[in-house]
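A.B. asks: The sequence shown: position 305 = 305 (full-length UniProt numbering), numbered continuously. Quick one: structure below, then a few questions.
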Amino acid sequence: MNFASDNWAGAHPSIAAGLSAHAGGFSTAYGDGALDQTVYQHFNDIFEREVAVFFVATGTAANSLSLTAYNKSGGLSFCHRESHVIEDECGAPEYFTGGSRLYAVDGALGKIDPNRLEGAVGRFAAEIVHSGRSMAVSITQSTEVGTIYTLNEIARISAIAKHHKLPLHMDGARFANALVALETTPAEMTWKRGVDILSFGGTKNGCWCAEAIVLFDLDRARELAFLRKRAAQLFSKSRFVAAQFEAYFKDGLWLDTARHANAMAARLAAVIEDSPSARLAWLPQANEVFAVMKKAEAERMQLAGAAFYDWHKPHDFDGHIGEDEALYRFVSSFATTAEEVDRFGQLIAG
Numbered sequence: 001m002n003f004a005s006d007n008w009a010g011a012h013p014s015i016a017a018g019l020s021a022h023a024g025g026f027s028t029a030y031g032d033g034a035l036d037q038t039v040y041q042h043f044n045d046i047f048e049r050e051v052a053v054f055f056v057a058t059g060t061a062a063n064s065l066s067l068t069a070y071n072k073s074g075g076l077s078f079c080h081r082e083s084h085v086i087e088d089e090c091g092a093p094e095y096f097t098g099g100s101r102l103y104a105v106d107g108a109l110g111k112i113d114p115n116r117l118e119g120a121v122g123r124f125a126a127e128i129v130h131s132g133r134s135m136a137v138s139i140t141q142s143t144e145v146g147t148i149y150t151l152n153e154i155a156r157i158s159a160i161a162k163h164h165k166l167p168l169h170m171d172g173a174r175f176a177n178a179l180v181a182l183e184t185t186p187a188e189m190t191w192k193r194g195v196d197i198l199s200f201g202g203t204k205n206g207c208w209c210a211e212a213i214v215l216f217d218l219d220r221a222r223e224l225a226f227l228r229k230r231a232a233q234l235f236s237k238s239r240f241v242a243a244q245f246e247a248y249f250k251d252g253l254w255l256d257t258a259r260h261a262n263a264m265a266a267r268l269a270a271v272i273e274d275s276p277s278a279r280l281a282w283l284p285q286a287n288e289v290f291a292v293m294k295k296a297e298a299e300r301m302q303l304a305g306a307a308f309y310d311w312h313k314p315h316d317f318d319g320h321i322g323e324d325e326a327l328y329r330f331v332s333s334f335a336t337t338a339e340e341v342d343r344f345g346q347l348i349a350g
């Protein structure tokens with residue numbers, strides 16, 4: 001009953017097989033091999049246009065270098081108060097940019113409120129040297145609390161960014177989970193809604209270690225190539241990242257794994273909703289479920305073998321959490337089974 005994190009899951013068998021298939025022989029290094037070129041074209045096909053693709057090792061690297069691509073002296077990037085980029089990157093974006101800042105914007109359940117974004121950006125006039133200047137806007141899809149920006153919500157935030165001549169970055173560590181939940185296309189969820197640069201995650205959805213920066217703003221590609229090298233993120237044997245993405249995309253595997261993870265989250269939410277000892281904090285939309293339960297009950301379940309984390313209460317959360325209760329996060333993955341969820345349901349039913 002492992003619901004701690006989709007990072008805890010191993011590699012999908014098809015992806016492991018893809019790595020093995022490309023383990024032998026020789027290939028041009030540093031992203032210039034035949035397999036790399038094939039995978040770059042896969043990205044073009046998926047996004048229905050030419051894109052620039054940069055393999056990196058981690059989501060932290062993808063997010064940090066994406067913002068660094070638009071760096072300005074005294075720059076500020078606007079993101080949700082509880083976004084991964086501001087809470088869980090250990091200052092990496094500030095480090096890579098040499099001191100730019102992340103500016104927190106509020107909004108319900110992990111999503112930036114457009115009106116608050118407009119007000120935040122408007123505080124920083126470019127000609128006022130003392131306060132700094134706006135640099136970028138970043139959204140997380142799906143969010144850190146398992147919610148999803150609709151296409152219209154992305155477009156509205158993009159319109160604000162474009163009005164202020166700011167690029168829009170999307171942190172897509174769980175990109176596929178959001179995509180299948182919205183039943184849309186990668187193009188519709190990104191550049192057709194004004195996204196300029198994307199952190200495209202594969203690791204949480206069945207890959208061993210495969211993340212990519214997808215750049216729609218091709219004029220930035222040459223500069224980003226140098227930024228990636230200086231950040232020690234240019235793989236010599238990049239074919240092993242390409243091999244993962246090749247298997248990930250083949251026959252729509254990446255969408256199937258995301259649909260499965262989302263379905264298991266919905267199943268998990270249902271057993272929590274039906275239990276006498278826990279309640280959903282809000283409705284899940286992707287593969288993360290948040291529940292309020294008594295601390296003693298949570299400890300009992302963890303001792304019985306269920307893995308999940310306690311979680312901090314979101315800044316704008318207006319639900320009741322008693323003194324003897326806490327908020328807990330459950331995450332499903334491609335490896336989560338219905339039997340695993342049902343066993344947890346029996347456990348939580350008491």
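From the three backbone atoms N, C-alpha and C, an ideal C-beta is built for every residue, glycine too.
Helix, strand or coil for residue 337? Go by DSSP, reduced to three states.
C.D. replies: Locating residue 337 in the sequence shown gives position 337, where the first residue counts as 1. The answer is coil: DSSP assigns residue 337 none of H, G, I, E or B.
A.B. asks: By a C-beta neighbour count over all protein chains shown, 10 Å radius and 16 as the cutoff for buried, is residue 310 buried or exposed?
C.D. replies: If you number the sequence shown from 1, residue 310 lands on position 310. So residue 310 ends up on the exposed side.
A.B. asks: Once DSSP output is grouped into helix, strand and coil, what is the label at residue 330?
C.D. replies: Position 330 of the sequence shown holds residue 330. DSSP places residue 330 in strand when its eight states are reduced to three.
A.B. asks: With burial defined as no fewer than 16 other Cβ atoms inside 10 Å of the residue's Cβ, what is the status of residue 389: buried or exposed?
C.D. replies: With the chain covering 1 to 350 only, the question about residue 389 has no answer from this structure.
A.B. asks: If you measure between the beta carbons of residue 280 and residue 273, is that distance less than 7 Å?
C.D. replies: Reading the sequence shown from its first residue, position 280 is the one you call residue 280. Reading the sequence shown from its first residue, position 273 is the one you call residue 273. Cβ atoms of residue 280 and residue 273: closer than 7 Å.
A.B. asks: Which of the three DSSP states is assigned to residue 278 in this structure?
C.D. replies: Here the question's residue 278 lines up with position 278 in the sequence shown. Strand at residue 278.
A.B. asks: Which ranges would you report for the beta strand (DSSP E) in the region 103 to 165 if only whole runs of at least 3 residues count?
C.D. replies: Complete beta strand (DSSP E) runs here, min 3: 133 to 140.
A.B. asks: Select from 147, 350, 152, 118 the residue whose C-alpha is nearest the C-alpha of residue 137.
C.D. replies: Here residue 137 corresponds to residue number 137 of the sequence shown, with the count starting at 1. Residue 137 has its Cα closest to that of 118, out of 147, 350, 152, 118.
A.B. asks: Leaving out five residues before and five after residue 69 in sequence, what residues of the same chain have Cβ atoms less than 7 Å from its Cβ?
C.D. replies: Residue mapping note: residue 69 aligns to position 69 of the sequence shown, counting from 1. These residues qualify, in order along the chain: 197, 220, 223, 224, 227.
A.B. asks: Taking DSSP as the reference, what is the three-state secondary structure of residue 170?
C.D. replies: On the sequence shown, position 170 is the one that residue 170 refers to. The answer is strand: DSSP assigns residue 170 an E or B state.
A.B. asks: Alpha carbon to alpha carbon, what distance is there between residue 30 and residue 200?
C.D. replies: In the sequence shown, the residue the question calls residue 200 occupies position 200. In the sequence shown, the residue the question calls residue 30 occupies position 30. Roughly 19 Å between the two C-alpha positions.
A.B. asks: Can you give the Cα-Cα distance for residue 145 and residue 315, rounded to whole angstroms?
C.D. replies: Start at 1 with the first residue of the sequence shown, and residue 145 comes out as number 145. Start at 1 with the first residue of the sequence shown, and residue 315 comes out as number 315. Roughly 12 Å between the two C-alpha positions.
A.B. asks: Am I right that residue 308 and residue 3 are in contact with their C-beta atoms under 8 Å? What's the rounded C-beta distance?
C.D. replies: Translated into the one-based positions of the sequence shown, residue 308 becomes position 308. Translated into the one-based positions of the sequence shown, residue 3 becomes position 3. Right, the Cβ-Cβ distance comes to about 5 Å (below 8 Å), so this counts as a contact.
A.B. asks: Only counting the same chain, and skipping five residues up and downstream in sequence, which positions put a Cβ closer than 6 Å to that of residue 258?
C.D. replies: Numbered from 1 along the sequence shown, position 258 holds the residue referred to as residue 258. So the qualifying residues of the chain are 176, 177, 180, 205.
A.B. asks: State the Cα-Cα distance for the pair residue 5 and residue 127, rounded to the nearest angstrom.
C.D. replies: Here residue 5 refers to the residue found at position 5 of the sequence shown. Here residue 127 refers to the residue found at position 127 of the sequence shown. Distance between the alpha carbons of residue 5 and residue 127: 44 Å.
A.B. asks: Can you tell me the Cα-Cα spacing of residue 288 and residue 299, whole angstroms?
C.D. replies: Here residue 288 refers to the residue found at position 288 when the sequence shown is read from its first residue. Here residue 299 refers to the residue found at position 299 when the sequence shown is read from its first residue. About 20 Å.
A.B. asks: Answer with buried or exposed for residue 71, where buried requires no fewer than 16 other C-beta atoms within 10 angstroms of its C-beta.
C.D. replies: The count along the sequence shown starts at 1 and reaches residue 71 at position 71. That one is buried.
A.B. asks: Residue 210 and residue 48 - do their beta-carbons sit closer together than 7 Å?
C.D. replies: The residue given as residue 48 occupies position 48 in the sequence shown. The residue given as residue 210 occupies position 210 in the sequence shown. Going by C-beta atoms, residue 48 is not nearer than 7 Å to residue 210.
A.B. asks: Run the CB neighbour count on residue 321, radius 10 Å, all protein chains shown included, and call it buried at 16 or more, exposed below.
C.D. replies: To locate residue 321, count along the sequence shown from 1; it is residue 321. Burial call: exposed.
A.B. asks: Can at least three beta-carbon pairs, one atom from the region 334 to 345 and one from the region 37 to 53, be found at a separation below 8 Å?
C.D. replies: Because the criterion of three Cβ pairs below 8 Å is not met, the region 334 to 345 and the region 37 to 53 do not touch.
A.B. asks: From residue 121 to residue 147, what does the alpha carbon distance come to, in whole angstroms?
C.D. replies: Counting from one through the sequence shown, the residue named residue 121 turns up at place 121. Counting from one through the sequence shown, the residue named residue 147 turns up at place 147. Whole-angstrom Cα-Cα distance: 24 Å.
A.B. asks: Quick one: grab the DSSP three-state call for residue 25.
C.D. replies: As a position in the sequence shown, residue 25 is number 25, starting the count at 1. Three-state result, residue 25: coil.
A.B. asks: Is it buried or exposed, residue 45, if we count other Cβ atoms within 10 angstroms and call 16 or more buried?
C.D. replies: In the sequence shown, counting from the first residue as 1, residue 45 sits at position 45. With fewer than 16 Cβ atoms within 10 Å of its Cβ, residue 45 is classed as exposed.
A.B. asks: Give the secondary structure of residue 252 by DSSP, where H, G and I count as helix, E and B as strand, and everything else as coil.
C.D. replies: On the sequence shown, residue 252 is found 252 positions in, with the first residue counted as 1. If DSSP states are grouped into helix, strand and coil, residue 252 belongs with the helices.
A.B. asks: Does DSSP classify residue 87 as helix, strand or coil?
C.D. replies: Residue 87 sits at position 87 when you count from the first residue of the sequence shown. If DSSP states are grouped into helix, strand and coil, residue 87 belongs with the helices.
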